[in-house]
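Following: one structure in structure tokens, then a few remarks.
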Amino acid sequence: MRTLILTVLIAIIVVLFLPLDSTTHFPAGVTSVVAASTAPNSSTGGCQAPPALSYIIPSDIAANNSQANVNCMAWQDFIALNWQASQSSCEADTAVPASKFGQPNNTAPVVWETYKEVSEVFRDNAVPPSAWCSQGSESALHRSHGMPAGYKILGTEFTQPGTNGAWLTDQNGNLTLYEIRLNKDEFNYINTNQLYSAPIQQVFAKEPGINLPDGTAKFAQYGKTGSMEFKASWVELPDPSKWRYFKTSKAYVVGPDRKAPPRLVTVGLVGLHIIHKTAKAPQFVWATFEHVNNAPSTADIQNNELLAWYTYYNRNCDPRTDHYHCSPNAQAHSKSPEHPLFPQQAVDPYVAAMQVVRENPINNTTVDDIAGLNQWVWDLIRQSNPKSVFLNYQLVDVSWSSAPASVPPGSHIPLTAGNPVPNPGTQKVANTTMETYFQNTNTCLDCHASAPIAAASKTKALASDYSFLFSRASAPLPAKVASSAKK
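Here you go:
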């Protein structure tokens, strides 16, 4: 009997003093015993190509198109693209072993961070971009702020699309900062066809038509991966003790006050959109990832299954002192999802923290077992590196078209959404750091089906193959003006 009592006491002590990054069956950021007891079962959902701890980027969906297969492809994309990069090739550093995947406190760029930033491609006056992976950045951000190459510059993009300029502030009073990049296949297509020029776009879109590479032999001159775009959300991490839980980078941050000098800080990745066009997915595969400590879901709050800390949620929020009165996602109770309330610069301070809540829980259904797949991938990563920062990132969901269709030349917006899955009527795919105010309204394809080329008129605008990047193109300077500028 005494032996049994001693065993129970030891077990209790082990639980009480379990370290934050111990080898458990839940992410490193999860410290709640309740969360541990309700951890989902590890499962690939029956996908035909389970993710591997590999730097090889998949070129298409495995076998047949299904939710399970696109989910596994999304995680494989995430793993491969977050491998530490060789800055001389802008590809994965194959000398870095799996045991170093997501090594804490490593600010070296990962693969997607070495890709072209959008302002490096679509430059003022349609100036051609520099060669792929050329040393020294030519981004507008570096040029305008006189910052050294080799560092991100964040802060020029801090508002969310379709919100009349609304932003997202974390619990430390720091703005969420965004960057957009594209891969080599898409860059080669734009650069080769001079689609960084608005006038050329307007002719090209009619014939032969803007049709981004999908990795097949037809587009072999551009690459074999297919077109990819990335939108990342970052937040400043003033507390060094938190760095080991995030994919971190060094960045010069510029604030809304452009008179203030840029600050060199450590930022942590809190969200990542990855879209990937392939032969089986001409409408792209739309995957989105988040840090597990971003925000709780409504179910987490109702069931009191909260983590020890969140970046965008204060479990002790006081409505009497909080600027937004602790309203979820800064929404007054009278507001509906169709007509959300947006923070406004005139009345809402940038430093006021927002109480973010995930309105749609991570799926755990038989057809779309995201929670089970996340657990399976965490187990996979943990086997090689139990301290990997990527144990703290989760796939939120993946949207794809079950009725894929090619886009004919001269197509106008809106393009077909191709019967998107999951069914938008029952399950919205949203990232709390990028679609904070639209978690239950629009889907990825709702917006991107109406992405136009750069054009003077918005009426009957020609389509850009689901990419809003093309609308950033400008026109070249007139010959006389350009000649004078060179003198």
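For the sequence shown, my numbering begins at 1 and goes up steadily by one.
Glycine included, each C-beta is placed from N, C-alpha and C at the ideal position.
Note that the structure is predicted; figures quoted are calculated from it, not measured.
Residue(s) in a DSSP beta bridge with residue i
{"i": "Pro-476", "result": "The partner list for Pro-476 (beta bridge, DSSP) is empty, contrary to what the question assumes."}
{"i": "Gly-271", "result": "Ser-233, Glu-290"}
{"i": "Asn-92", "result": "Asn is not the amino acid found at residue 92; the sequence shown has Ala there. Partner(s): Ala-85."}
{"i": "Leu-264", "result": "Tyr-252"}
{"i": "Gln-355", "result": "Pro-328"}
{"i": "Asn-278", "result": "It should be pointed out that residue 278 corresponds to Thr in this sequence rather than to Asn. DSSP output for Thr-278 lists Ala-281 as bridge partner(s)."}
{"i": "Ser-297", "result": "Arg-358"}
{"i": "His-323", "result": "According to DSSP, which records beta bridges pairwise, His-323 is partnered with nothing at all."}
Residue range of the unbroken beta strand (DSSP E) whose run includes residue i
{"i": "Gln-439", "result": "Element bounds for Gln-439: n/a, residue is neither H nor E."}
{"i": "Pro-282", "result": "281-291"}
{"i": "Tyr-393", "result": "393-401"}
{"i": "Tyr-252", "result": "248-253"}
{"i": "Glu-179", "result": "177-182"}
Option in the options with minimal Cα separation from residue i
{"i": "Val-396", "options": "Gln-375, Leu-380, Gln-383", "result": "Gln-375"}
{"i": "Thr-436", "options": "Asn-423, Pro-296, Ile-381", "result": "Pro-296"}
{"i": "Val-203", "options": "Pro-262, Asn-316, Ile-453", "result": "Ile-453"}
{"i": "Trp-243", "options": "Leu-81, Ser-388, Asp-446, Gln-76", "result": "Ser-388"}
{"i": "Trp-217", "options": "Tyr-350, Gly-209, Gly-226", "result": "The question names Trp, but residue 217 in the sequence shown is Ala. The option with the nearest alpha carbon to Ala-217 is Gly-226."}
{"i": "Val-416", "options": "Tyr-196, Pro-409, Ser-401", "result": "Before going further, note that residue 416 is Thr rather than Val in the sequence given. For the residues Tyr-196, Pro-409, Ser-401, the minimum Cα distance to Thr-416 belongs to Ser-401."}
{"i": "Leu-307", "options": "Asp-318, Thr-298, Pro-319, Asn-293", "result": "Asn-293"}
{"i": "Asp-170", "options": "Ala-451, Ser-471, Thr-432", "result": "Thr-432"}
{"i": "Arg-358", "options": "Gln-439, Cys-133, Asn-183", "result": "Gln-439"}
{"i": "Lys-250", "options": "Lys-224, Glu-229, Pro-148, Pro-478", "result": "Pro-148"}
{"i": "Val-356", "options": "Thr-298, Gly-102, Phe-468", "result": "Thr-298"}
{"i": "Ala-449", "options": "Gln-394, Asp-348, Arg-320, Pro-282", "result": "Pro-282"}
{"i": "Pro-40", "options": "Ala-62, Ser-384, Ile-370, Phe-470", "result": "Ile-370"}
{"i": "Gly-410", "options": "Ala-198, Gly-162, Asn-211, Glu-179", "result": "Asn-211"}
{"i": "Trp-286", "options": "Leu-53, Asp-257, Cys-447, Val-407", "result": "Cys-447"}
{"i": "Ala-260", "options": "Thr-156, Ser-99, Leu-380, Pro-476", "result": "Thr-156"}
{"i": "Ala-403", "options": "Pro-361, Asn-419, Ile-413, Asn-191", "result": "Asn-419"}
{"i": "Asn-82", "options": "Ile-362, Ala-52, Pro-349, Ala-63", "result": "Ala-52"}
{"i": "Pro-476", "options": "Ala-80, Ser-134, Tyr-196, Gly-271", "result": "Tyr-196"}
{"i": "Gln-302", "options": "Phe-101, Ala-330, Pro-361", "result": "Pro-361"}
{"i": "Arg-181", "options": "Cys-72, Glu-120, Ala-352", "result": "Glu-120"}
{"i": "Phe-158", "options": "Arg-320, Gln-345, Pro-424", "result": "Gln-345"}
{"i": "Gln-87", "options": "Phe-101, Ala-63, Lys-116", "result": "Lys-116"}
{"i": "Gly-102", "options": "Pro-386, Ala-451, Ala-353, Val-421", "result": "Pro-386"}
Where residue i falls, given that 16 or more other Cβ within 10 Å makes a residue buried
{"i": "Val-254", "result": "buried"}
{"i": "Ile-13", "result": "Note on Ile-13: pLDDT 41, under 50, position unreliable in the model; the coordinate value appears next. Exposed: under 16 other Cβ atoms inside 10 Å."}
{"i": "Leu-264", "result": "exposed"}
{"i": "Ile-56", "result": "exposed"}
{"i": "Val-110", "result": "buried"}
{"i": "Pro-128", "result": "exposed"}
{"i": "Thr-248", "result": "buried"}
{"i": "Arg-315", "result": "exposed"}
{"i": "Asp-60", "result": "buried"}
{"i": "Glu-207", "result": "exposed"}
{"i": "Pro-161", "result": "exposed"}
{"i": "Thr-365", "result": "exposed"}
{"i": "Asp-257", "result": "exposed"}
{"i": "Ala-35", "result": "With a pLDDT of only 38 at Ala-35, under 50, the local geometry of the prediction cannot be trusted, and the value read off the model is given with reservation. That one is buried."}
{"i": "Thr-321", "result": "exposed"}
Range covered by the alpha helix (DSSP H) that runs through residue i
{"i": "Val-127", "result": "Looking at the DSSP string, Val-127 is not in any alpha helix (DSSP H), and its letter there is neither H nor E."}
{"i": "Leu-154", "result": "First-last for Leu-154: 152-154, but that is the beta strand (DSSP E), not the alpha helix (DSSP H)."}
{"i": "Asn-82", "result": "Element bounds for Asn-82: n/a, residue is neither H nor E."}
{"i": "Leu-306", "result": "Run containing Leu-306: none; DSSP gives neither H nor E here."}
{"i": "Phe-203", "result": "The sequence shown places Val at residue 203, rather than the Phe named in the question. Unbroken alpha helix (DSSP H) run through Val-203: 198-204."}
Contact with chain D by residue i, beta-carbon distance below 7 angstroms
{"i": "Ala-279", "result": "Considering every chain present, this structure includes no chain D. It has just one protein chain."}
Three-state secondary structure (DSSP) of residue i
{"i": "Val-34", "result": "With a pLDDT of 32 at Val-34, under the threshold of 50, the predicted position of this residue should be treated as unreliable, though the coordinate-derived value follows. Note: Val-34 maps to helix in three-state DSSP."}
{"i": "Pro-452", "result": "strand"}
{"i": "Phe-470", "result": "helix"}
{"i": "Leu-494", "result": "There is no way to answer for residue 494, as the model of the chain reaches only from 1 to 487."}
{"i": "Ser-54", "result": "coil"}
{"i": "Glu-186", "result": "helix"}
{"i": "Thr-159", "result": "strand"}
{"i": "Ala-98", "result": "helix"}
{"i": "Thr-169", "result": "strand"}
{"i": "Glu-435", "result": "coil"}
{"i": "Pro-420", "result": "strand"}
{"i": "Leu-462", "result": "strand"}
{"i": "Asp-21", "result": "A caution first: Asp-21 carries a pLDDT of 40, below 50, which makes its placement in the model unreliable, though a value can still be read off. Here Asp-21 sits in coil by DSSP."}
{"i": "Met-73", "result": "helix"}
{"i": "Val-367", "result": "coil"}
{"i": "Glu-113", "result": "helix"}
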